[in-house]
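First residue of the sequence shown: 1, per UniProt numbering; consecutive thereafter.
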Amino acid sequence: MSQRNFEKLNDKGSQLIAESNRITDITDSKWGHPDGADFWYIDPALNVETATLYNPEVSDEEKLKLGKKRQQAYYDQWWSTEHTCDIEKHEVPGCEEEPDTPVEVWVVKPKNIKPRKNRVLYYVVGGALVSLNPNAYPIERLCEEHKCIGIVPIYRLSWEAKYPAAINDLHAAYKWMDDNADMLGIHPNKVVLSGSSTGGHLALALAFRLKRYGYSPRGIVTVSAQTDDREKDGSSFYSGVWDSVEQHDGLYQWLGRNFDSNRVGPEALANHATVEDCIGFPPTFMYQSEMDPDIFGNIEFYTKLLKAHSFAEYHVFGGAHHNNGVWSVIKNCGEPNDYSIRIAQMFDSNIEDCFKYDLRRPWVVEDYKAAFKEKFGE
1 MSQRNFEKLN
11 DKGSQLIAES
21 NRITDITDSK
31 WGHPDGADFW
41 YIDPALNVET
51 ATLYNPEVSD
61 EEKLKLGKKR
71 QQAYYDQWWS
81 TEHTCDIEKH
91 EVPGCEEEPD
101 TPVEVWVVKP
111 KNIKPRKNRV
121 LYYVVGGALV
131 SLNPNAYPIE
141 RLCEEHKCIG
151 IVPIYRLSWE
161 AKYPAAINDL
171 HAAYKWMDDN
181 ADMLGIHPNK
191 VVLSGSSTGG
201 HLALALAFRL
211 KRYGYSPRGI
221 VTVSAQTDDR
231 EKDGSSFYSG
241 VWDSVEQHDG
251 LYQWLGRNFD
261 SNRVGPEALA
271 NHATVEDCIG
281 FPPTFMYQSE
291 MDPDIFGNIE
301 FYTKLLKAHS
311 FAEYHVFGGA
321 HHNNGVWSVI
331 KNCGEPNDYS
341 IRIAQMFDSN
351 IEDCFKYDLR
361 RPWVVEDYKA
371 AFKEKFGE
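Listed below in structure tokens is the structure:
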């Protein structure tokens, strides 16, 4: 490991020790796919402010101050930008598990959308559980291309409230959407969950909460989702812009003393599920970069889905880390190249597959109906 990276790791906390033979420096573009090499390097300075919001040495008061300031800047940018879709802001009631906490939800409607029975892209914005920047994601493009209405929940971040606050907010938004399907002009049986990084993590975790309450998403399509807080052998060997150190600190701040334990279930992180928990899980398409720090946990979760006989696909792309290649078209970053365009086309085709075909196993639908009936009656 280079001295530069040794210092980078030490900067993240005085108690962190990294032996030089344990970490591989992947910040050089030689690791990248030739078509994606231009995306390989990202200025580490871009991550400094984010890292501050989950740095254990920064006080909660300072995180709250910095977090609110940055979030307001993101929202100001979003609402001051010229949009191609109509965007509505709603305040909706909290879910059953936290009824007194309202949630802000954005509804994204393409100009040419039909008046009723529209598809829904329930999009969870990522940002390491410390930021929520809708400007970084092509939400409007996805809604326009797939002729669907977007539901974008504004969930609480880790410096505002720990787990399960974010899941409660996403649950509340989904319940409100389902309860108000006619008003929103949507088809409640054609909802696809999606998100990248933390957005993918929360989309997968939300599906376990929805399963418990009898809701049946049409499918889930994620990119570089975190599925586990417990390090797997080999999962922390890479040092990059988003590596196991950032992931450790971000999830630790969210889970607190429950971090790296079995005290939380799959509603926190999907790979806490057992195979039995995965029976009846929605059709799932997962995209991963070769050097994502949580790749082995994701492979383990994918294996559980297979054993549970859920419809599942898992795509790993070589020569890519958490912030490049896979993201360059799916996110609003960088100019597209042949590599990223191929990936984006697959991503878009999987979303379309979920809308076009009901890929849920027949017994999955029956399980959901039975759970819904038990919870809410006829």
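Don't be surprised by glycine CBs; every beta carbon is placed ideally from N, CA and C.
Values in this document were obtained by computation on a predicted structure and should not be read as measured data.
N- and C-terminal bounds of the alpha helix (DSSP H) containing Phe301
Taking the sequence shown and counting its residues from 1, the one referred to as residue 301 is at position 301. It spans 295-307 - the alpha helix (DSSP H) in which Phe301 sits, taken as one unbroken run.
Here's the rule: buried if 16 or more other CB atoms are within 10 angstroms of the residue's CB, otherwise exposed. What is Thr198?
Here residue 198 corresponds to residue number 198 of the sequence shown, with the count starting at 1. By the neighbour-count rule (16 or more Cβ atoms within 10 Å), Thr198 is buried.
Once you ignore the five residues that flank Gly325 on each side, which residues in its own chain have a CB closer than 8 Å to its CB?
As a working mapping, residue 325 is identified with position 325 in the sequence shown. Residue confidence is low: Gly325 scores 48 on pLDDT, short of 50, so the model does not pin down where it sits. Its coordinate-derived value is still stated next. If we look at Gly325 and ignore the five residues flanking it on each side, its Cβ neighbours are Gly32, His33, Gly36, Phe39, Ser289, Phe317, Gly319, Tyr339, Ser340, Ile343.
With distances taken between CB atoms, is the gap from Lys117 to Asp86 smaller than 8 Å?
Here residue 117 refers to the residue found at position 117 when the sequence shown is read from its first residue. Here residue 86 refers to the residue found at position 86 when the sequence shown is read from its first residue. No, Cβ-Cβ distance for Lys117 and Asp86 is not below 8 Å.
Beta-carbon proximity list for Asp292, same chain, < 6 Å, skipping 5 on both sides
What you label residue 292 is simply residue 292 of the sequence shown in a count that begins at 1. Within the same chain, Asp292 has close Cβ partners Ser224, His322.
Boundaries (first-last residue) of the beta strand (DSSP E) holding Lys190:
Along the sequence shown, one-based indexing puts residue 190 at 190. Where Lys190 is concerned, the enclosing beta strand (DSSP E) stretches over 186-196.
In whole angstroms, what separates the C-alpha of Val329 from that of His146?
Residue numbering aside, residue 329 sits at position 329 when the sequence shown is read from its first letter. Residue numbering aside, residue 146 sits at position 146 when the sequence shown is read from its first letter. Because the pLDDT of Val329 is 49, which lies under 50, any placement of that residue in the model is unreliable, and the number read from its coordinates should be weighed accordingly. When rounded, the distance between both Cα atoms is 16 Å.
Looking only at its chain, what residues have a beta carbon closer than 7 Å to the beta carbon of His309, apart from the 5 residues adjacent to it on each side?
By 1-based counting over the sequence shown, the position of residue 309 is 309. In its chain, beyond the 5 residues on either side, Arg361 have a beta carbon closer than 7 Å to the beta carbon of His309.
Who does Lys89 pair with in a DSSP beta bridge?
For the purposes of this step, residue 89 is taken as the residue at position 89 of the sequence shown. Assignment of beta-bridge partners to Lys89 by DSSP yields Trp106.
Can you grab the Cα-Cα spacing for the pair Thr52 / Glu246, in whole Å?
The residue given as residue 52 occupies position 52 in the sequence shown. The residue given as residue 246 occupies position 246 in the sequence shown. Going by the C-alpha atoms only, they are around 10 Å apart.
C-beta atoms of Pro153 and Val103 nearer than 8 Å:
Counting from 1 along the sequence shown, the entry for residue 153 is found at position 153. Counting from 1 along the sequence shown, the entry for residue 103 is found at position 103. Taking 8 Å as the cut-off, the beta carbon of Pro153 is found closer than this to the beta carbon of Val103.
Chain-order list of residues whose beta-carbon lies under 6 Å from that of Phe285 (same chain, five-residue window excluded):
Counting from one through the sequence shown, the residue named residue 285 turns up at place 285. Here the set comprises Val221, Glu313, Asn350.
Tell me, please, whether the CB atom of His90 is closer than 8 Å to any CB atom in chain B?
Note that chain B does not occur in the displayed structure, where there is just one protein chain.
Since Ala172 contacts Gly94 with CB under 8 Å, what's their CB separation in whole angstroms?
Within the sequence shown, the letter at position 172 stands for residue 172. Within the sequence shown, the letter at position 94 stands for residue 94. The C-beta separation of Ala172 from Gly94 comes to about 5 Å, placing the pair in contact by the 8 Å criterion.
Comparing alpha-carbon positions, which option in Ile167, Lys304, Gly126 lies nearest Ser194?
Along the sequence shown, one-based indexing puts residue 194 at 194. The residue with the shortest Cα to Cα distance from Ser194 is Gly126.
Which residues in the same chain have their Cβ closer than 7 Å to the Cβ of Cys278, if we skip the five residues on either side of it in sequence?
Residue numbering aside, residue 278 sits at position 278 when the sequence shown is read from its first letter. Excluding sequence neighbours, Cys278 sits near Lys304, Leu305, Ala308, Ser310.
Does the structure place the region 53-62 close enough to the region 129-137 that three or more beta carbon pairs sit under 8 Å?
Taking a cut-off of 8 Å for Cβ pairs, the region 129-137 and the region 53-62 touch, as three or more such pairs fall below it.
When you compare only the Cα positions, how much space is there between Gln345 and Val58?
Counting from 1 along the sequence shown, the entry for residue 345 is found at position 345. Counting from 1 along the sequence shown, the entry for residue 58 is found at position 58. When rounded, the distance between both Cα atoms is 41 Å.
Under a Cβ-count criterion, where at least 16 other Cβ atoms within 10 Å of its own Cβ denotes burial, should Pro282 be classed as buried or exposed?
Your numbering for residue 282 matches position 282 in the sequence shown. Pro282 comes out buried.
Who are Asn258's beta bridge partners in DSSP?
By one-based count along the sequence shown, residue 258 stands at place 258. For Asn258, DSSP records no beta bridge to any residue.
Span of the alpha helix (DSSP H) around Arg141
For the purposes of this step, residue 141 is taken as residue 141 along the sequence shown, with counting starting at 1. It spans 139-145 - the alpha helix (DSSP H) in which Arg141 sits, taken as one unbroken run.
With DSSP as the reference, label Thr52 as helix, strand or coil.
To locate residue 52, count along the sequence shown from 1; it is residue 52. Residue state, collapsed to three classes: helix.
Roughly how many whole angstroms lie between the Cα atoms of Leu66 and Lys162?
On the sequence shown, position 66 is the one that residue 66 refers to. On the sequence shown, position 162 is the one that residue 162 refers to. The straight-line gap from Cα to Cα measures roughly 17 Å.
Identified DSSP bridge partners for Thr222
Position 222 of the sequence shown, counting from 1, holds the residue named residue 222. As DSSP reads the structure, Thr222 sits in a beta bridge with Gly195, Met286.
Starting from Cys354, follow its DSSP beta bridges and name the residues at the other end.
If you number the sequence shown from 1, residue 354 lands on position 354. Looking at the DSSP assignment, Cys354 forms no beta bridge with any residue, so it has no partner.
Output the distance between the C-alpha atoms of Glu231 and Ile299, rounded to the nearest integer angstrom.
Against the sequence shown, residue 231 aligns to sequence position 231. Against the sequence shown, residue 299 aligns to sequence position 299. Straight-line Cα distance between these residues: approximately 13 Å.
Taking the DSSP output, what are the residues bridged to Glu57?
Working through the sequence shown from its first residue, we reach residue 57 at position 57. Glu57 has no beta-bridge partner at all, per DSSP.
Segment limits, alpha helix (DSSP H) that includes Ser315
Counted from its first residue, the sequence shown places residue 315 at position 315. Looking at the sequence itself, residue 315 is His, so the reference to Ser does not match. His315: not part of any alpha helix (DSSP H); member of the beta strand (DSSP E) spanning 312-317, first to last residue.
Output the boundary residues of the alpha helix (DSSP H) element that contains Leu170.
Stepping through the sequence shown from its first residue, residue 170 is reached at position 170. Here the alpha helix (DSSP H) through Leu170 covers 165-179.
On the DSSP letters alone, give me the boundaries of the beta strand (DSSP E) that Cys278 sits inside.
Working through the sequence shown from its first residue, we reach residue 278 at position 278. First-last for Cys278: 275-278, but that is the alpha helix (DSSP H), not the beta strand (DSSP E).
Count the other CB atoms, across all protein chains shown, that sit within 10 Å of the CB of Asp60; report buried if there are 16 or more and exposed otherwise.
On the sequence shown, position 60 is the one that residue 60 refers to. Around the beta carbon of Asp60, fewer than 16 other beta carbons lie within 10 angstroms, which makes this residue exposed.
Contact under 8 Å by Cβ, Gly150 with Leu121:
Within the sequence shown, residue 150 is the residue found at index 150, counting from 1. Within the sequence shown, residue 121 is the residue found at index 121, counting from 1. Result yes, Cβ atoms of Gly150 and Leu121 sit closer than 8 Å.
Alpha carbon to alpha carbon, how far is Tyr357 from Cys148? Give it in angstroms, no decimals.
Here the question's residue 148 lines up with position 148 in the sequence shown. Here the question's residue 357 lines up with position 357 in the sequence shown. In this model, Cys148 and Tyr357 are separated by some 15 Å (Cα to Cα).
Taking all protein chains shown into account, do 16 or more other C-beta atoms lie within 10 angstroms of the C-beta of Gln72, making it buried, or fewer, making it exposed?
By 1-based counting over the sequence shown, the position of residue 72 is 72. When all chains shown are included, Gln72 counts as exposed.
So which of Tyr302, Tyr215, Gly214, Ala207 has the shortest CA-CA distance to Ala268?
Stepping through the sequence shown from its first residue, residue 268 is reached at position 268. The candidate whose alpha carbon is nearest that of Ala268 is Ala207.
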